[in-house]
Each structure stands twice: as C-alpha cells, then as structure tokens.
Amino acid sequence: MDASNPNIEATEHRQRLFDGMARAVAAKGYGTITIADIVREACVSRRTFYEHFDTKADCLIALYESASRYALNALRSSIDPARTWQDQVDEAMGAYLGCLAGNPILMRTLFIEILGLGSDGLAARRRVNLEIADFMLKIINAAEGAAVLTSDMAMAVVGGINELVLQLIEQGQAQDLKMIASAAGALLRAVVGAASTDRRA
C-alpha cells in the first residue's frame, strides 16, 4: 500500500471493511454482528470504520452495491453484438452467475441478509434487479427490432432467477451457481417466445 496516497489507503480500508462485513455476516448473521465484529474481521480500527460509514447498515448496503456492480460489469462485458440475443443472454447470465459464485461467502449477504435491512435493503435490491431487467430489455428488443419484452416481463424473469439462486444458497451450493444458467436462459426464451406469439396474434 502506498501510504503517501490517501485515496489508495482509503480504498484499501473500504475494501477491508467490505471483506470484514462479509465474513462477519457469514459467521454470525447480520442481526447479531456488531461494528466490533466487522473491524476485527477487517483488521482496521473503529475510527477507520466511522471514517467510511455511520452504521453497520450503511456498510452492508455499500457492500451489496459494490459487489452487485462488479457482477453486473461482468455481465455487460460478456456481450458480443455479433451473436444472436439468445447467445448473448446465455453468455451474459453465465458470466454474471460465475462472478457471483466466485465468492460464496458473499452470496448469503447479497441475497438473504440484505433483506434484513427492511425498506433500505429492499430498495438496494430493487435497484440491482432493475439494472439486470433493463439489460435484458435493451439486448432483446434491439435484436427483435420491436418492444417484444416489457419491463414487467423482464422483472418477472429476474425474480425467477433470484429464486433459483436462493434455492442453491439454502442448499449450501452457492459455488455452483453457473449450473442454473441454462435454466435462466430457457426461462427468458420461453417468456420472449410467448410475448412474440401474442404480438403476432
């Protein structure tokens, strides 16, 4: 670490706090952890925690948004416009789920513990789900040359995928998330196929 650069130091401390939060939540659950647990896992001081966050809830939401943004970037970077939308979505879902599976400790935080924050947690989750749904809309409707997929349909697909992820987490198989990529792709193709048929009728 370059201690002479305060921005680098702050970034490293923030990442340590994210890692500490994830480990503390995985070990004890969000409801029972304290800031002392977080800073102990992060190997930083309480003062450092309060330089970045006011509460443990603020830290959890920031962790959720950071990890989700990283996974969404993996999804977007996998896009190859030269391929069909079906192939693009399959590749993107595989990349997204593979990125999530790369950190099983974080999975429970992202898909279960965030809901313990009530309306703030739900709002954070909604923002991420909307980004994924918007991605589907952009790729599919551009390829179809028409607004075949609606916002509600896209969100329903995202909700279905989230349920598949939650099921694996509950079964202790978070590291195997890529195994549902084919089911997620099949669900989306079925929804688009039905929507296209209705549009032509």
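Just so we're aligned, residue 925 is where the sequence shown starts under the numbering used here, counting upward by one.
Don't be surprised by glycine CBs; every beta carbon is placed ideally from N, CA and C.
Taking only three categories from DSSP, how would you classify C967?
As a working note, residue 967 is residue 43 in the sequence shown. Coil at C967, not helix or strand.
Let's test the definition: count the other Cβ atoms within 10 Å of the Cβ of E1087 and tell me whether it reaches 16, buried, or not, exposed.
Sequence index remark: in the sequence shown, residue 1087 carries index 163 (1-based). The residue in question, E1087, is exposed, as its Cβ has fewer than 16 Cβ neighbours within 10 Å.
Any 3 or more C-beta pairs closer than 8 Å across the region 1048-1059 and the region 986-1000:
yes
In angstroms, rounded to a whole number, what distance separates the CA positions of G1117 and V1082?
In the sequence shown, residue 1117 corresponds to position 193, counting from 1. In the sequence shown, residue 1082 corresponds to position 158, counting from 1. Roughly 17 Å separates the two Cα atoms.
For the alpha helix (DSSP H) that contains P1028, what are its first and last residues?
Walking along the sequence shown from the start, residue 1028 turns up at place 104. First-last of the alpha helix (DSSP H) with P1028: 1028-1035.
Could you pull out every residue in the same chain whose Cβ sits closer than 8 Å to the Cβ of L1073, ignoring the five residues on either side in sequence?
Locating residue 1073 in the sequence shown gives position 149, counting from the first residue. Excluding sequence neighbours, L1073 sits near M1060, L1061, I1064, N1065, V1115, V1116, A1119.
Could you name the residues of the same chain whose beta carbon sits closer than 6 Å to that of A1108, not counting the 5 residues immediately before and after it, in chain order?
On the sequence shown, position 184 is the one that residue 1108 refers to. Cβ neighbours of A1108 beyond the five flanking positions: M1017, I1085.
Cβ of I1029 within 7 Å of Cβ of A946?
Here the question's residue 1029 lines up with position 105 in the sequence shown. Here the question's residue 946 lines up with position 22 in the sequence shown. It is a contact, given that the beta carbons lie within the stated cut-off.
Do three or more CB pairs link the region 1001-1021 to the region 950-966 at distances below 8 Å?
no
Buried or exposed for G1042, going by 16 or more other Cβ atoms inside 10 Å?
For the purposes of this step, residue 1042 is identified with residue 118 of the sequence shown, where counting begins at 1. Flag for G1042 reads exposed.
Straight-line CA distance for I932 to R940?
As a working mapping, residue 932 is identified with position 8 in the sequence shown. As a working mapping, residue 940 is identified with position 16 in the sequence shown. Approximately 12 Å between the Cα atoms of the pair.
Taking C-beta to C-beta, are Y988 and L1034 nearer than 7 Å?
Counting from 1 along the sequence shown, the entry for residue 988 is found at position 64. Counting from 1 along the sequence shown, the entry for residue 1034 is found at position 110. Contact flag set, yes.
Have a look at N997, G1040, L1101, G1069 and flag the residue whose alpha-carbon is nearest the alpha-carbon of G1026.
Here residue 1026 refers to the residue found at position 102 of the sequence shown. Of the candidates N997, G1040, L1101, G1069, the one whose C-alpha sits nearest the C-alpha of G1026 is L1101.
Mapping DSSP to helix, strand and coil, what is T1074?
Translated into positions along the sequence shown, residue 1074 becomes position 150. Reduced to three states, the DSSP call for T1074 is coil.
Give the secondary structure of Q939 by DSSP, where H, G and I count as helix, E and B as strand, and everything else as coil.
Within the sequence shown, numbered from 1, the residue matching residue 939 stands at position 15. The answer is helix: DSSP assigns Q939 an H, G or I state.
Three-state secondary structure (DSSP) of A1006
One-based indexing of the sequence shown puts residue 1006 at position 82. The answer is coil: DSSP assigns A1006 none of H, G, I, E or B.
With a Cβ-Cβ cutoff of 7 Å, do E936 and A948 count as a contact?
Walking along the sequence shown from the start, residue 936 turns up at place 12. Walking along the sequence shown from the start, residue 948 turns up at place 24. No, the Cβ-Cβ distance between E936 and A948 is not below 7 Å.
Coil, strand or helix - T979 by DSSP:
Taking the first residue of the sequence shown as 1, we reach residue 979 at position 55. In the structure shown, T979 sits in coil (DSSP, three-state: anything other than H, G, I, E or B).
Near E1126, which residues of its chain fall below 8 Å by C-beta distance, leaving aside the five closest residues on each side in sequence?
This structure cannot speak to residue 1126, because the chain is shown only from 925 to 1125.
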